[in-house]
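I have placed the structure first, in the form of structure tokens, so that the comments after it can refer back to it.
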DNA sequence: TAACTTAGTTACATTAAGTAACTGAAATAA
DNA sequence: TTATTTCAGTTACTTAATGTAACTAAGTTA
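Chains as they are written, first to last, in the numbering used here: chain S, 219 to 328; chain A, 219 to 328.
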């Protein structure tokens, strides 16, 4: 029946990017290293709990690195690795598609 | 705090593609029109319930079209619209990234 | 009349995500 | 000295999304 199984690496990549918030976090980190609270603030509706989970997953995948600066109070910065920055073309293509095919949202009245 | 809000169209696109199974369904339909059960069989672990939900969402977005052939028994085929086929470069970039950055999985012993 | 096919839907169980309050360490502030 | 603040999360609990398996409905064939 299923005579044409998918490439397992492609499958894994899609699964990662399909997790809620993953792409947004990577997108934010394209601007440079950020602290936990900065990422949290830049993505309204993303809770600290899920951000914590995602950062751990992305670190385990080698997409994000966690850098500790033992200042006081301690500073911890998250940044993209080369592997993480290599996701850029994917996000660019999503940007192109969205500007070509999605409608411009209406302005909201207050 | 959040001085740089994201483009709402980009945001919507990422949200769509971040829904579990969406990208896989689009990927399968790139091979041509498919029936409900064919899609279900091509994606092990995708349940009929979620497939039904996703196809409705994708139809509502104008990415997939549902074509009814009143044969007997009835044949219903799902296919990509132009808007749906325009997602191809995104999936291609995911493919490129995965083959460059993800490890080749080990063969399994039985 | 009973069983089969296609295209789903429904009820229920499990997992993931959201919310708000809390922890712990170090450094001020009163 | 005790209290307060900052940073970086974690915990307990609620709600939403998914998964599972059985079921529905219409027409067809045996």
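Positions of the beta carbon are idealized from the N, C-alpha and C atoms, including for glycine.
Since the structure is predicted, the reported quantities are computational estimates derived from the model, not experimental observations.
- In chain order, 284 place their CB closer than 6 Å to the CB of residue 277(S), counting only its own chain and leaving out the 5 sequence neighbours on each side.
- Neighbours of residue 268(A) in chain S, taken as residues at a C-beta separation under 7 Å, are lacking, since the least C-beta distance is about 12 Å.
- Counting only unbroken stretches of 3 or more residues, the beta strand (DSSP E) elements lying wholly within the stretch 265 to 295 of chain A are 282 to 287, in sequence order.
- In this structure the stretch 294 to 309 of chain S touches the stretch 239 to 254 of chain S; the number of beta carbon pairs closer than 8 Å is three or more.
- By the Cβ criterion, the stretch 303 to 314 of chain S is in contact with the stretch 311 to 319 of chain A, since at least three pairs of Cβ atoms, one from each stretch, lie closer than 8 Å.
- Distance from the CA atom of residue 234(S) to the CA atom of residue 253(A), rounded to whole angstroms, is 27 Å.
- Residue 319(S): member of the alpha helix (DSSP H) spanning 306 to 319, first to last residue.
- About 5 Å separates the CB atoms of residue 319(S) and residue 301(A); that is less than 8 Å, so the two are in contact.
- Taking the CA atoms as reference points, residue 269(S) sits about 15 Å from residue 279(S).
- Here residue 260(A) carries a helix assignment [DSSP, helix/strand/coil].
- At a Cβ-Cβ threshold of 9 Å, residue 228(A) and residue 260(S) do not count as neighbours.
- The shortest C-alpha to C-alpha distance from residue 273(S) to any of 325(S), 306(S), 321(S), 258(S) is the one to 258(S).
- A residue is called buried once 16 or more other Cβ atoms fall within 10 Å of its Cβ, and residue 290(A), having fewer, is exposed.
- Contacts with chain S (Cβ-Cβ distance below 7 Å) from the stretch 300 to 315 of chain A involve 301, 304, 305, 307, 308, 311, 312, 313, 315, listed in chain order.
- Beta-bridge partners of residue 253(A) (DSSP): 295(A).
- Taking all protein chains in view, the Cβ of residue 265(S) is surrounded by fewer than 16 other Cβ atoms within 10 Å, so the residue is classified as exposed.
- Shown here for residue 305(A): same chain residues with a beta carbon closer than 6 Å to its own, the five before and five after excluded, namely 244 in chain order.
- For residue 273(A), not one C-beta of chain S is nearer than 9 Å to its own C-beta.
- Contact between residue 323(S) and residue 226(A) holds: their C-beta atoms lie close to 5 Å from each other, under 8 Å.
- Look at residue 224(A): its C-beta is under 9 Å from a C-beta on chain S.
- Here residue 255(S) is exposed: its Cβ has fewer than 16 other Cβ atoms, across all protein chains shown, within 10 Å.
- For residue 228(S), the C-beta contacts it makes with chain A under 7 Å involve 312, 313, 316, in order along the chain.
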